[in-house]
Structures are given as C-alpha cells and as structure tokens.
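Presented below is the structure to which this report refers.
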Amino acid sequence: MRIEVVKREENAIEFYLDGEDHTFANLLVEALHEDEHVKFAAYSIDHPVLMARKPRFRITTDGSERPEEALEKAAQKVFDRSREVLEAWNSALKA
5 MRIEVVKREE
15 NAIEFYLDGE
25 DHTFANLLVE
35 ALHEDEHVKF
45 AAYSIDHPVL
55 MARKPRFRIT
65 TDGSERPEEA
75 LEKAAQKVFD
85 RSREVLEAWN
95 SALKA
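Structure representation (structure tokens):
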C-alpha cells in the first residue's frame, strides 16, 4: 500500500491509495463518515483501461481537525474493528 498525495489544502486533501481496491476503500470511507469533523469523504476508481486500479480519495473537514488527522483516526478505527473480528473468530473456534 502506498499513498500518493495529489492535492493538499487547508481543510481538504486528495490522494491515491495505491495497492487497494473497493474493499478497503469502502471501509475507510465509512470510518471517515463517523467523524463529526469530516464534511465530505469519498473515493472513485477510474476505469482500469485508462489507469491502474487505485482509489482516489477526497476528504474535507470543517477546520476543527486537519484531513490528515481524520484519515489517521479512520485508519485506526478500521484496524481496531479488524482486530475485534479476529478475536471474535478465535473465540468462536474455541467454543
């Protein structure tokens, strides 16, 4: 996974998330939408014939936090939820 910043403004950032697809991109956008300071979060993936398959994100905040901070918090939420699923799975296997 590699992040390629395309555009950075005071309350907005656009970047490519190289090496990922809709699966992770959807998780990340959902976590971003839970942040009360995020005013807009979405991604798109260009047609694979035109470009390598990599999501292009745009995050806009209300200014109370930087978009980079919102991204860090959302990534941590995805990580924590993944750990919870793994723990639940391991518990289910032991039962």
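The opening position of the sequence shown corresponds to residue 5 in our numbering, with each subsequent residue numbered one higher. A virtual CB, placed ideally from N, CA and C, is assigned to each residue, including glycine.
Determine the contact status of ASN15 and THR65, defining contact as a CB-CB distance below 8 angstroms. Cβ distance < 8 angstroms, so ASN15 and THR65 count as in contact.
Alpha-carbon to alpha-carbon, VAL33 and ALA74: One Cα belongs to ALA74, the other to VAL33, and the distance between them is close to 11 angstroms.
CB of TYR47 within 8 angstroms of CB of ARG60, strictly: Yes. Within cutoff.
As assigned by DSSP and simplified to three states, the class of GLU8: Of the three classes helix, strand and coil, the one that applies to GLU8 here is strand, per DSSP.
Who are the near neighbours of GLU8 in its chain, counting only those whose CB is closer than 7 angstroms to its CB and skipping five residues on each side? Non-local C-beta neighbours of GLU8 in its own chain, meaning closer than 7 angstroms and more than five positions away in sequence, comprise PHE19, TYR20 and ASP22, ordered along the chain.
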